[in-house]
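Novice: Protein sequence lines correspond, in order, to chains A and B.
Under the numbering used here, the first sequence has 39 at position 38, and the numbering climbs by one with no breaks.
Under the numbering used here, the second sequence has 152 at position 170, and the numbering climbs by one with no breaks.
Where a beta carbon is used, it is the ideal one built from N, C-alpha and C, also for glycine.
The structure displayed is predicted, hence computed values, not measured ones.
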Amino acid sequence: MKSDFRARNHPAYWAFLAHRVSGVLLSLFLPLHFWALGRALQGEAGLDAFLRWSEQPLVKFAETVLVLLLAAHLTGGLRLLALEFLAWRDWQKGLLAAAAGLTLVAGLLFLLNV
Amino acid sequence: MSTLSVSVWRGTESGRFQEFTVPRLASQTVLDVVTYIQRTLDPTLAYRYACRVGMCGSCAMTVNGRARWTCRTHVDNVAQGERLEIAPLRNLPVVRDLVTDMTPFFDKWAGARGRFQGGATRKDDFARVAPGSPARQLADAGIECIGCGACYSSCDVVAWNPAYLGPAALNRAWTLVNDVRDTGNRARLAAVAGDAGCHACHTHMSCSERCPKQISPTASIAGLKRATMEAALKGEI
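Take a look at the structure:
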């Protein structure tokens, strides 16, 4: 018999899910990222047109989500490194809260600069 | 008298839940509920317990979806709207009803070289291990495991990879790695360094979350990851 969501409903499992899902979504974004950068190879005009297109509010919103995903994946990775290499026992949930907090701070800073 | 509605797993892997109504009492444990059903309502119900006080590790079951010791779990703390769902531990073969076959669980303790291997004889003096020494402290952090299987039942990696040694066996290996009297660590580290060993852990921490003794097998597994890496770099494994 297998466990269901009730066995998995705890903060460290949510952190695992956030790290995994953000990683998968970022890897899906990467081809788009390289395609956008690749436009520079075909001349300035193409890239500028794309950058102007990216100024639209909906694209900016998507970029904010992207920044959140990047921050979540980075802080999630730092959390894992701390769990694997540092002597911890009781403060792992503090670490998790710090990762979530830093993710939100990164997202908000990006929004303030938009 | 108020009552409790209880769904109890019946049969083997392909069984079903059966409904029972049990009197609700003060300070009632989940084990009390199961015992009431077996003694009063249906004597064919199979379940397992021994000590009733959280020492033997034989009464762990899945209560409302989470692995727990039934003897130390008060109904007050887990009943949702005067309802309980009681099932056997996950990730283990079901013998019948609430009884699982613990053989794979304990075979993995052997697989992780969970047996103490001493190098001293009766002619040697007692080993002196300072209680405050770092190795003793690390061993102490995991030594209280009584082998109930709650962590093993909660681990997704065990469900994904049936060969995975699991949190309890790896925690046991880590306590021995930190036992300065043990002489079997090279073979032990080699045993836990494989595909089904410590490096397969995904750090979900469900084991640490569900351990009734508040042991953190995740911390022990992280220790094994570091120890195996160090041994590999030194060419020992």
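Hey, could you find the ends of the beta strand (DSSP E) GLU1/B is sitting in?
Specialist: One-based indexing of the second sequence puts residue 1/B at position 19. The continuous beta strand (DSSP E) containing GLU1/B extends over residues -2 to 5.
Novice: Taking only runs that begin and end inside the segment 12 to 44 of chain B, name each unbroken alpha helix (DSSP H) of 4 or more residues, in chain order.
Specialist: 12 to 18
Novice: Using 8 Å as the Cβ pair cut-off and three pairs as the minimum, do the segment 55 to 70 of chain B and the segment 101 to 108 of chain B touch?
Specialist: no
Novice: If contact means a Cβ-Cβ distance below 8 Å, which residues of the segment 11 to 30 of chain A contact chain B?
Specialist: HIS11, ALA13, TYR14, PHE17
Novice: Taking 8 Å as the cut-off, does the CB of GLY100/B come closer than this to any heavy atom belonging to the ligand MN?
Specialist: In terms of ligand content, the structure shown is empty, and the ligand MN therefore cannot be addressed.
Novice: For THR(-15)/B, which three-state DSSP category applies?
Specialist: Numbered from 1 along the second sequence, position 3 holds the residue referred to as residue -15/B. The DSSP-derived three-state label of THR(-15)/B is strand.
Novice: Do you know whose CA, among VAL162/B, ASP138/B, TRP156/B, CYS189/B, lies nearest GLY100/B's CA?
Specialist: For the purposes of this step, residue 100/B is identified with residue 118 of the second sequence, where counting begins at 1. Nearest C-alpha to GLY100/B: VAL162/B.
Novice: DSSP beta-bridge partners for ALA69/B?
Specialist: Sequence index remark: in the second sequence, residue 69/B carries index 87 (1-based). THR44/B, per the DSSP bridge assignment.
Novice: Alpha carbon to alpha carbon, how far is LEU120/B from GLY96/B?
Specialist: Locating residue 120/B in the second sequence gives position 138, where the first residue counts as 1. Locating residue 96/B in the second sequence gives position 114, where the first residue counts as 1. When rounded, the distance between both Cα atoms is 16 Å.
Novice: Would you grab the beta carbon distance between ARG54/B and GLY36/B for me? Rounded to a whole angstrom, and I think it's under 8 Å.
Specialist: As a first step, residue 54/B must be located in the second sequence, where it is residue number 72. As a first step, residue 36/B must be located in the second sequence, where it is residue number 54. Sure, about 4 Å apart at Cβ, within 8 Å.
Novice: Just curious, the alpha helix (DSSP H) that VAL220/B is in, first and last residue?
Specialist: Outside the displayed range of chain B (-17 to 219) lies residue 220/B, so it cannot be described from this structure.
Novice: For ARG(-8)/B, name the three-state secondary structure that DSSP assigns.
Specialist: Counting from one through the second sequence, the residue named residue -8/B turns up at place 10. In the structure shown, the three-state DSSP call for ARG(-8)/B is strand.
Novice: Along chain B, in chain order, which residues have C-beta atoms closer than 8 Å to that of PHE86/A?
Specialist: The residue given as residue 86/A occupies position 85 in the first sequence. Within chain B, the residues near PHE86/A are ALA204, ARG208.
Novice: What would DSSP say about ASP83/B, mapped onto helix, strand or coil?
Specialist: Looking up residue 83/B in the second sequence gives position 101. Three-state result, ASP83/B: coil.
Novice: If we cut at 9 Å on Cβ distances, does ALA101/A have a partner in chain B?
Specialist: Sequence index remark: in the first sequence, residue 101/A carries index 100 (1-based). Not flagged as an interface residue toward chain B: ALA101/A, since no C-beta distance is shorter than 9 Å.
Novice: Taking C-beta pairs closer than 8 Å, name the residues in chain A that MET84/B reaches, listed in chain order.
Specialist: The residue given as residue 84/B occupies position 102 in the second sequence. The premise fails here: MET84/B is roughly 14 Å from chain A at the closest Cβ pair, so nothing lies under 8 Å.
Novice: Could one say the Cβ of LEU81/A lies closer than 9 Å to chain B's Cβ atoms, at least one of them?
Specialist: The sequence position of residue 81/A within the first sequence is 80, counting from 1. Yes, contact with chain B.
Novice: Contact criterion: CB-CB distance below 9 Å. Does GLN93/A meet it with respect to chain B?
Specialist: Here residue 93/A refers to the residue found at position 92 when the first sequence is read from its first residue. Yes, because at least one Cβ of chain B sits closer than 9 Å to the Cβ of GLN93/A.
Novice: Can you pull the chain A neighbours of PHE46/B, defined as C-beta to C-beta under 8 Å?
Specialist: The residue given as residue 46/B occupies position 64 in the second sequence. A quick correction: the sequence has Asn, not Phe, at residue 46/B. Neighbours of ASN46/B on chain A, chain order: ARG7.
Novice: Below 8 Å between beta carbons is the criterion; list the residues of the segment 61 to 76 of chain A that meet it against any residue of chain B, in chain order.
Specialist: none
Novice: So, is the C-beta of MET43/B closer than 9 Å to a C-beta in chain A?
Specialist: The count along the second sequence starts at 1 and reaches residue 43/B at position 61. Not an interface residue.
Novice: Tell me the rounded alpha-carbon separation between CYS127/B and HIS184/B.
Specialist: Translated into the one-based positions of the second sequence, residue 127/B becomes position 145. Translated into the one-based positions of the second sequence, residue 184/B becomes position 202. Rounded to whole angstroms, CYS127/B and HIS184/B show a C-alpha spacing of 21 Å.
Novice: Using a Cβ cut-off of 9 Å, pull out every chain B residue sitting near SER4/A, in sequence order please.
Specialist: Position 3 of the first sequence holds residue 4/A. Below the 9 Å Cβ cutoff, chain B contributes THR44, GLY47, ARG48, ALA49, ARG72, ASN73, SER135, SER136, CYS137, ASP138, ALA141, SER188 as neighbours of SER4/A, in chain order.
Novice: Out of ALA107/A, PHE17/A, HIS20/A, ALA16/A, which one is the CA nearest neighbour of THR65/A?
Specialist: Here residue 65/A corresponds to residue number 64 of the first sequence, with the count starting at 1. The residue with the shortest Cα to Cα distance from THR65/A is ALA107/A.
Novice: Could you give the DSSP three-state label for ARG40/A: helix, strand or coil?
Specialist: Residue 40/A sits at position 39 when you count from the first residue of the first sequence. Helix.
Novice: Pick helix, strand or coil for TRP51/B, following the three-state DSSP scheme.
Specialist: Here residue 51/B is taken as the residue at index 69 of the second sequence, counted from 1. Looking at TRP51/B - three-state DSSP - the assignment turns out to be strand.
Novice: Check this for me: beta carbons of VAL(-12)/B and PHE2/B, under 9 Å apart or not?
Specialist: Here residue -12/B is taken as the residue at index 6 of the second sequence, counted from 1. Here residue 2/B is taken as the residue at index 20 of the second sequence, counted from 1. For VAL(-12)/B and PHE2/B, yes; Cβs fall inside 9 Å.
Novice: MET187/B: which of ALA100/A, TYR14/A, LEU96/A sits nearest, CA to CA?
Specialist: Start at 1 with the first residue of the second sequence, and residue 187/B comes out as number 205. Cα-wise, what sits closest to MET187/B is TYR14/A.
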